[in-house]
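> Mind having a look at this structure? Questions to follow.
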Amino acid sequence: MKAVRRAVLEARAIAREFPGGAGVRGIDLTVAAGEIHAVVGLNGAGKTTLMRLLLGMLRPQAGTVRLDGVEIADAAPQAWAGVGHLVEHPLAYPELDVRSNLLVSARLHGIPRERAEALVARALAEFDLERYARVRASRLSLGNRQRVGLAGALQHDPGLIVLDEPTNALDPAGVILLREALLRRAGAGAGVLVSSHHLDEVARIADRVTVVNAGRVIGNLDPAGVDLERAFFALVHADDVERPRA
Ligand SMILES: Nc1ncnc2c1ncn2[C@@H]1O[C@H](COP(=O)(O)OP(=O)(O)OP(=O)(O)O)[C@@H](O)[C@H]1O
């Protein structure tokens with residue numbers, strides 16, 4: 001069994017309701033150093049909203065989020081530099097080539113100029129993007145743009161990684177590269193939070209799986225369990241039956 005590790009990210013009772021009633025309602029969630037924590041849920045369950053709240057991209061109406069023990073409103077720029085995230089659109093300046101995009105991303109994460117070149121070279125190799133290094137981002141396929149976004153989010157070896165549906169648009173080779181990249185970083189001590197619709201992929205990499213439905217945490221799945229899909233739908237169905245109608 002893994003030893004209990006320090007929480008790199010901790011949310012308590014965070015809530016954000018949108019006009020019309022959708023949103024996130026009182027979610028508790030932690031990401032520990034060295035673990036891969038997956039969040040799964042149906043379309044519209046609240047996964048992206050949750051991630052935006054955790055990253056300070058959206059302000060909660062209630063609850064707190066702590067980054068390495070510090071409330072995110074008070075977190076220093078260095079603390080944010082130690083976070084790698086990809087939520088919604090992959091980072092890419094369309095007119096810059098892939099290499100320049102990654103250099104910009106490294107500098108934005110506080111990497112000194114003299115180290116950035118080496119990091120970018122490593123990231124290009126890690127996501128098999130070397131042949132696209134001089135290609136403008138606007139010319140890339142969707143999947144390669146996603147690879148660039150992931151490379152930019154991970155190249156500075158962040159202590160906390162938050163990725164929203166990172167396998168979107170990736171081909172099977174990209175899925176394997178991402179899997180290896182995440183396992184490597186978690187093995188080196190990073191905390192990883194990842195949302196996904198792909199239960200088979202989640203089963204391969206996650207230490208913990210949290211199920212979100214209608215903006216709340218409704219349970220956990222055992223990633224080593226025999227039929228994750230069946231267990232997932234059982235939880236969601238039970239919640240849909242029991243939940244009071246709005
Ligand atoms: N800015 C907003 N204003 C109003 N409603 C919103 C806003 N952002 C999200 N929602 C609603 O909140 C709910 C949760 O959306 P969210 O994008 O977090 O779901 P998700 O689990 O990431 O879904 P998917 O798997 O489809 O990406 C949805 O009903 C969505 O329409």
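Residue 16 in UniProt numbering sits at position 16 of the sequence shown, and the numbers go up by one each step.
Idealized CB from N, CA, C, for every residue including glycine.
#1: Can we say the stretch 129-140 touches the stretch 44-61, given the rule of at least three CB pairs closer than 8 angstroms?
#2: Are the beta-carbon atoms of residue 252 and D97 separated by less than 9 angstroms?
#3: Leaving aside the five residues before and after A7 along the sequence, list all residues of the same chain whose C-beta is less than 6 angstroms from its C-beta, in chain order.
#4: On a CA-only basis, which of P19, G20, A13 is nearest I27? Give me that one, please.
#5: Taking the C-alpha atoms as reference points, what is the distance between D74 and P112?
#6: Measuring CA to CA, which of K47, E10, R179 is closest to G23?
#7: Consult DSSP for R145 and reduce its assignment to one of helix, strand or coil.
#8: Quick check on T30: does DSSP put it in helix, strand or coil?
#9: Sorry if obvious, but does the Cβ on P19 come closer than 8 angstroms to a heavy atom of ligand 1?
#10: For L160 versus L124, is the C-beta spacing smaller than 9 angstroms?
#11: Which whole-angstrom value describes the C-beta separation of V209 and A38, a residue pair presumed to lie in contact below a C-beta threshold of 8 angstroms?
#12: Measuring only from the beta carbon, is G23 closer than 8 angstroms to any heavy atom that is part of ligand 1?
#13: Which full runs of the alpha helix (DSSP H) of 4+ residues lie inside the stretch 209-244, going along the chain?
#14: Using 8 angstroms as the Cβ pair cut-off and three pairs as the minimum, do the stretch 209-222 and the stretch 174-190 touch?
#15: Evaluate V202 with the Cβ neighbour count: other Cβ atoms within 10 Å of its Cβ, from every protein chain shown; 16 or more gives buried, anything less gives exposed.
#16: Any heavy atom of ligand 1 inside 8 angstroms of the beta-carbon of H109?
#17: Would you kindly work out how many angstroms separate the C-alpha atoms of R139 and A121, rounded to a whole number?
#18: Tell me the rounded alpha-carbon separation between R136 and L178.
#19: By Cβ distance below 7 angstroms, which residues in the same chain neighbour A106 in space, the five residues on each side in sequence not counted?
#20: With distances taken Cα to Cα, identify the nearest neighbour of T64 among L9, H197, L42.
#21: My output table needs one value for T49: the three-state DSSP class, helix, strand or coil.
#22: Could you spell out where the alpha helix (DSSP H) holding A116 opens and where it closes?
#23: My assumption, with CB atoms under 8 angstroms, is that D240 sits in contact with S195. Please give the rounded CB distance.
#24: Is the beta carbon of A11 sitting closer than 9 angstroms to the one on R66?
#25: Check whether the Cβ of A38 sits closer than 8 angstroms to any heavy atom of ligand 1, and report yes or no.
#26: Where does A71 sit, in a helix, a strand or coil, going by DSSP?
Taking the geometry as given:
#1: no
#2: Nothing about residue 252 can be read from this structure; the chain reaches only from 1 to 246.
#3: Position 7 of the sequence shown, counting from 1, holds the residue named residue 7. T30, A32, listed in sequence order.
#4: By one-based count along the sequence shown, residue 27 stands at place 27. It is A13.
#5: Here the question's residue 74 lines up with position 74 in the sequence shown. Here the question's residue 112 lines up with position 112 in the sequence shown. Cα to Cα, D74 sits roughly 24 angstroms from P112.
#6: For the purposes of this step, residue 23 is taken as the residue at position 23 of the sequence shown. Of the listed residues, the one whose Cα sits closest to G23 is K47.
#7: In the sequence shown, residue 145 corresponds to position 145, counting from 1. R145 falls in the helix class under three-state DSSP.
#8: By one-based count along the sequence shown, residue 30 stands at place 30. Of the three classes helix, strand and coil, the one that applies to T30 here is strand, per DSSP.
#9: Working through the sequence shown from its first residue, we reach residue 19 at position 19. Yes, Cβ of P19 sits closer than 8 angstroms to a heavy atom of ligand 1.
#10: The residue labelled residue 160 in the question sits at position 160 within the sequence shown. The residue labelled residue 124 in the question sits at position 124 within the sequence shown. Contact: no.
#11: As a first step, residue 209 is located in the sequence shown; it is residue number 209 there, counting from the start. As a first step, residue 38 is located in the sequence shown; it is residue number 38 there, counting from the start. Correct: roughly 5 angstroms between the Cβ atoms.
#12: Taking the first residue of the sequence shown as position 1, residue 23 is located at position 23. G23: yes, Cβ under 8 angstroms from ligand 1.
#13: Secondary structure remark: continuous alpha helix (DSSP H) runs of at least 4 residues inside the stretch 209-244, in chain order: 228-242.
#14: Counting C-beta pairs with one atom in each stretch, the stretch 209-222 and the stretch 174-190 have fewer than three that are closer than 8 angstroms, which means they do not touch.
#15: Numbered from its first residue, the sequence shown carries residue 202 at position 202. Buried is the call here.
#16: By 1-based counting over the sequence shown, the position of residue 109 is 109. The answer is no for H109.
#17: For the purposes of this step, residue 139 is identified with residue 139 of the sequence shown, where counting begins at 1. For the purposes of this step, residue 121 is identified with residue 121 of the sequence shown, where counting begins at 1. Near 20 angstroms, if we compare the C-alpha coordinates of A121 and R139.
#18: The residue given as residue 136 occupies position 136 in the sequence shown. The residue given as residue 178 occupies position 178 in the sequence shown. Rounded to whole angstroms, R136 to L178 spans 22 angstroms at the Cα level.
#19: Position 106 of the sequence shown, counted from the first residue, corresponds to residue 106. Hits under 7 angstroms: A116, L119, V120, Q155, H156.
#20: Looking up residue 64 in the sequence shown gives position 64. Residue L9 is the option with its Cα nearest to T64.
#21: On the sequence shown, position 49 is the one that residue 49 refers to. Correct three-state label for T49: helix.
#22: Looking up residue 116 in the sequence shown gives position 116. 113-126 is the span of the alpha helix (DSSP H), which, as asked, contains A116.
#23: For the purposes of this step, residue 240 is identified with residue 240 of the sequence shown, where counting begins at 1. For the purposes of this step, residue 195 is identified with residue 195 of the sequence shown, where counting begins at 1. So it is not a contact: roughly 20 angstroms between Cβ atoms.
#24: Looking up residue 11 in the sequence shown gives position 11. Looking up residue 66 in the sequence shown gives position 66. Taking 9 angstroms as the Cβ cut-off, A11 and R66 qualify as a contacting pair.
#25: On the sequence shown, residue 38 is found 38 positions in, with the first residue counted as 1. Not under cutoff, so the answer is no.
#26: For the purposes of this step, residue 71 is identified with residue 71 of the sequence shown, where counting begins at 1. Looking at the sequence provided, one finds Glu at residue 71 rather than Ala. In this structure, E71 counts as strand in the three-state DSSP scheme.
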